[in-house]
Structure formats: structure tokens, C-alpha cells
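Using our numbering, you'd call the opening residue of the sequence shown number 55 and step up by one each time.
Ideal Cβ placement from N, Cα and C applies to all residues, glycine included.
This one's a predicted model, so the numbers in the text were calculated from it and none came from an experiment.
Structure, as C-alpha cells:
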Amino acid sequence: MRCNKSFKNQMLAIGLIAFGAGLLIGKIISGNIFFFAIIVIAIGVFIIWDK
């Protein structure tokens with residue numbers, strides 16, 4: 055299934071928003087960098103898998 059460019063840009067924007075929200079939530083909840091690292095890995099896997 056092929057995706058058009060606007061759909062990919064939309065998914066990228068959603069990913070960046072989720073990344074920012076995850077960073078903020080992780081900092082509030084845990085106060086350390088471990089939760090942030092998990093979110094970075096999850097977003098990275100999602101982006102790689104999406105291609």
C-alpha cells in the first residue's frame with residue numbers, strides 16, 4: 055500500500071507531537087532520562103517501520 059506525501063507529512067507531524075508530549079510526560083512522571091530513552095526508541099522504530 056503506497057502512501058501519498060501529505061499523509062507521510064501528517065504522520066511525521068503526529069510523531070513529533072507524540073515525541074514532545076512523551077518527553078514532557080516522562081520528565082514529569084519519572085524525572086529521569088530513562089523514560090525519554092524508551093520513547094525515543096519507540097518513535098525511531100515506528101519511523102523505520104513506516105518506511
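{"query": "Look at the Cβ atom of L92, then the Cβ atom of G80, and state whether they are nearer than 9 Å.", "result": "Inspection of the sequence shows that residue 92 is occupied by Ile rather than by Leu. Yes, Cβ-Cβ distance for I92 and G80 is below 9 Å."}
{"query": "Do you know how far the Cα of L78 is from the Cα of N63?", "result": "23 Å"}
{"query": "What is the residue span of the alpha helix (DSSP H) that N63 lies within?", "result": "K59 to I83"}
{"query": "If we ignore side chains and look at the alpha-carbon of each, how far apart do F88 and A67 end up?", "result": "24 Å"}
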